[in-house]
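Colleague: Dropping the structure in here first, questions after.
There are 2 protein chains.
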Amino acid sequence: MSSALQSIAPIARKETLGTMVREKLRAALMAGRFQPGEKLAIRAVAAALDVSLTPAREALYNLMAEGVLEANATGTIYVPELDTAKINELRRIRVSLECMAATEALQNLTDEDIKKILEINKAICEADHTREFSKLMELNWMFHFTIYEASKMPMLIRIIESCWLKMGSYLNVIYPYYGEDGKGIDLHDRVCAAIVARDALALNEAIAEDITQACDWMINRISAKT
Amino acid sequence: MSSALQSIAPIARKETLGTMVREKLRAALMAGRFQPGEKLAIRAVAAALDVSLTPAREALYNLMAEGVLEANATGTIYVPELDTAKINELRRIRVSLECMAATEALQNLTDEDIKKILEINKAICEADHTREFSKLMELNWMFHFTIYEASKMPMLIRIIESCWLKMGSYLNVIYPYYGEDGKGIDLHDRVCAAIVARDALALNEAIAEDITQACDWMINRISAKT
DNA sequence: TCCGGTTATTTGTTATAACAAGTATATCGG
DNA sequence: CCGATATACTTGTTATAACAAATAACCGGA
């Protein structure tokens, strides 16, 4: 077994069209670019991304299988709408899984990682002050998943990602109000402090509160809208 | 709005071919009919179920999106092989999520439900004595998911299902040894007792041990094989 | 103006064909 | 008999066409 060969190993495996479409949709979802309940017609996304029906359908159906998109009885695919019950269910799942990921991450985080996390947090504060919400959302994603990645639990991370995606279309519902009272920022600071102190308990509490607060915000907004 | 019409509502929405193929594959996976690492060629499953490539590919890709199947760089789809790290990761996820589902279920379980669960447990004991493993596996699935269903947390249940499916191909690796020392049966009895007593703590412990034991068995078997 | 039905169009579903890249087989030279 | 090259075959990927069902548009009559 040649160690020289292993170092070249990865190979530039080309991405398939279906995968590219799926990733495009994921990114759009995560950026909150779709409205809750918005329909995603197969031919529409195929035309928008200039591919045929086959990869477009594949991407949409994969996201459905993940639970990120839904379809009604007639096969129309749309971005799911969340009610209070669903948000609360997602909240409980997320608290459980993200605390696990964070706790595990704490044992693996290098000083390098921690430095990166603190920098992202700083950038979040700046984006909050300048009220650049789309940047804020992206940084917030990076902040959390940089931590979770360190858990080295790929299946867990994937499930957490699905949960985030399910809430994706509601993110721009809460973000304009996120920094209003400084609570969101405060919680991130607590997360950072707990990481630096390597305090698992405090980290869990901060993460749980961060999730709970975001979900409460969502619930308030959707019940206000009705 | 006519109340008479509402009572007929549901409508027999016909299943699509892709969905049927996916469910067939899920069932086969859950029954442990596939070997770990076994390849699933698109044309092969299409021919086996007498459908065209399109629905076969759809089903396989949906299961991939769920993380239940995997593909290598060249696109060949296969049943994933688990190593110790993966089993341990799945174990931790499962303990966390299934305890949550069970705890929540405890608040909703009717006497009817409990009766059904006790009956399933009885059937499991019988199937164990007669060493009907495939029946045992199916009953074991029913036992756990009858409990989890009562949580009324559909997204949670779906995630748990995915986790079970990921271990599916290893089930017949452990089941021939399951009842050997009576521990598996004992744990189910403890689950039942905790449910009857409505004791959340005892229920969590029993479920966690049940999962842990099954995973330990798997780890033993696969490390013995290597 | 509103209602009924009819037509047209859109939409999801499935099969098939064409292509490319990988894998197996066979053939030939040493 | 072994190994390398060429050939045939298998496999995943994608586009397209055909079908059916659902939705939208339309239009004439009350």
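If you read the protein sequences in the order shown, they are chains C and V. Just so you know, the UniProt record's numbering puts 124 at position 124 of the first sequence, and the rest follows in order with no gaps. Just so you know, the UniProt record's numbering puts 124 at position 124 of the second sequence, and the rest follows in order with no gaps. Every residue gets a Cβ at the ideal spot worked out from N, C-alpha and C, and that includes glycine. All values derive from a computational prediction rather than experimental measurement.
Less than 7 Å between the beta carbons of V/Val21 and V/Leu165, yes or no?
Modeller: no
Colleague: From C/Met64 to V/Leu63, what does the alpha carbon distance come to, in whole angstroms?
Modeller: 11 Å
Colleague: Counting contacts by CB-CB distance shorter than 7 Å, is C/Thr19 in contact with chain V?
Modeller: It does not: the Cβ of C/Thr19 has no partner Cβ on chain V nearer than 7 Å.
Colleague: Using a Cβ cut-off of 7 Å (strictly closer), state whether V/Ala202 contacts chain C.
Modeller: no
Colleague: Does the structure place the segment 104-122 of chain C close enough to the segment 146-156 of chain C that three or more beta carbon pairs sit under 8 Å?
Modeller: yes
Colleague: Determine, using beta carbons only, whether V/Phe34 and V/Val79 come nearer to each other than 7 Å.
Modeller: yes
Colleague: Locate the alpha helix (DSSP H) running through C/Val21, then write down its first and last residues.
Modeller: 17-30
Colleague: Can the beta-carbon of V/Ile124 be found less than 7 Å from the beta-carbon of V/Cys215?
Modeller: no
Colleague: Look up V/Ala71 in the DSSP assignment and give the residues it is bridged to.
Modeller: V/Ile77
Colleague: For V/Asn204, which residues in the same chain have their Cβ closer than 7 Å to its Cβ, ignoring the five residues on either side in sequence?
Modeller: Same-chain partners within the cutoff: Cys99, Ala102, Thr103.
Colleague: Report the start-end ranges of each alpha helix (DSSP H) in the segment 132-193 of chain C that is 4 residues or longer and not cut off at the edges.
Modeller: 133-149, 154-167, 171-174
Colleague: Let me make sure I understand the geometry here. Which of V/Leu90, V/Asn72, V/Ile185 has the alpha-carbon closest to that of C/Lys14?
Modeller: Here the closest residue by C-alpha is V/Asn72.
Colleague: Helix, strand or coil: how does DSSP classify C/Lys14 here?
Modeller: coil
Colleague: Taking the C-alpha atoms as reference points, what is the distance between V/Asp83 and C/Gly168?
Modeller: 33 Å
Colleague: Determine, using beta carbons only, whether C/Leu171 and C/Gly18 come nearer to each other than 7 Å.
Modeller: no
Colleague: If distances are taken between C-alpha atoms only, which option among C/Met218, C/Met142, C/Ile93 comes closest to V/Ile159?
Modeller: C/Ile93
Colleague: Can you give me the C-alpha to C-alpha distance between C/His144 and V/Lys116, rounded to a whole angstrom?
Modeller: Near 42 Å, if we compare the C-alpha coordinates of V/Lys116 and C/His144.
Colleague: Per DSSP, which residues does C/Lys39 bridge with? Please list them.
Modeller: C/Tyr78
Colleague: Can you tell me where the alpha helix (DSSP H) holding C/Val95 begins and where it ends?
Modeller: Note, C/Val95: alpha helix (DSSP H), 84-108.
Colleague: Closer than 7 Å, Cβ to any Cβ of chain V: which residues of the segment 133-148 of chain C, in chain order?
Modeller: none
Colleague: Note down the Cα distance separating V/Ile42 from C/Glu58, rounded to an integer number of angstroms.
Modeller: 14 Å
Colleague: Note down, in chain order, every chain V residue with its Cβ under 7 Å from the Cβ of C/Asn62.
Modeller: Tyr61, Asn62, Ala65
Colleague: Output yes if chain V places a C-beta closer than 7 Å to the C-beta of C/Ser96; else output no.
Modeller: yes
Colleague: I need the straight-line Cα distance from C/Ile195 to C/Glu66, nearest angstrom please.
Modeller: 31 Å
Colleague: I'd like to know if V/Met153 contacts chain C, where contact means its C-beta is closer than 7 Å to some C-beta of that chain.
Modeller: yes
Colleague: In whole angstroms, what is the alpha-carbon distance linking C/Leu60 and C/Trp141?
Modeller: In this structure, the CA atom of C/Leu60 is about 22 Å from the CA atom of C/Trp141.
Colleague: Listed in chain order, which residues of the segment 76-88 of chain C have Cβ atoms closer than 8 Å to some Cβ of chain V?
Modeller: Lys86
Colleague: Hey, would you say V/Ala44 sits closer than 7 Å to V/Leu53, going by beta carbons?
Modeller: no
Colleague: Of all Cβ atoms in chain V, is any one closer than 7 Å to the Cβ of C/Ile159?
Modeller: yes
Colleague: In chain order, what residues of the same chain lie with their CB nearer than 6 Å to the CB of C/Pro55, ignoring the 5 residues before and after it?
Modeller: Around C/Pro55: Leu17, Gly18, Val21.
Colleague: Quick check on V/Met100 - is its C-beta less than 7 Å from some C-beta in chain C?
Modeller: yes
Colleague: If you measure from the beta carbon of C/Leu156 to each beta carbon in chain V, is any gap under 7 Å?
Modeller: yes
Colleague: What residue from V/Leu97, V/Ile207, V/Ala193, V/Arg190 has the CA that sits closest to V/Ser162's CA?
Modeller: V/Leu97
Colleague: Going by beta-carbon coordinates alone, are C/Ile120 and C/Leu139 separated by less than 7 Å?
Modeller: Going by C-beta atoms, C/Ile120 is nearer than 7 Å to C/Leu139.
Colleague: Could you pull out every residue in the same chain whose Cβ sits closer than 8 Å to the Cβ of V/Leu5, ignoring the five residues on either side in sequence?
Modeller: Low confidence applies to V/Leu5: its pLDDT is 45, below 50, so where it sits in the model is not reliable, and the reading given next is rough at best. Within the same chain, V/Leu5 has no close Cβ partners at all.
Colleague: Can you give me the Cβ contacts of V/Leu118 inside the same chain, cut-off strictly under 7 Å, excluding the 5 residues immediately before and after it?
Modeller: Residues Cys192 of the same chain have their beta carbon placed closer than 7 Å to that of V/Leu118, with the five preceding and five following residues left out of the count.
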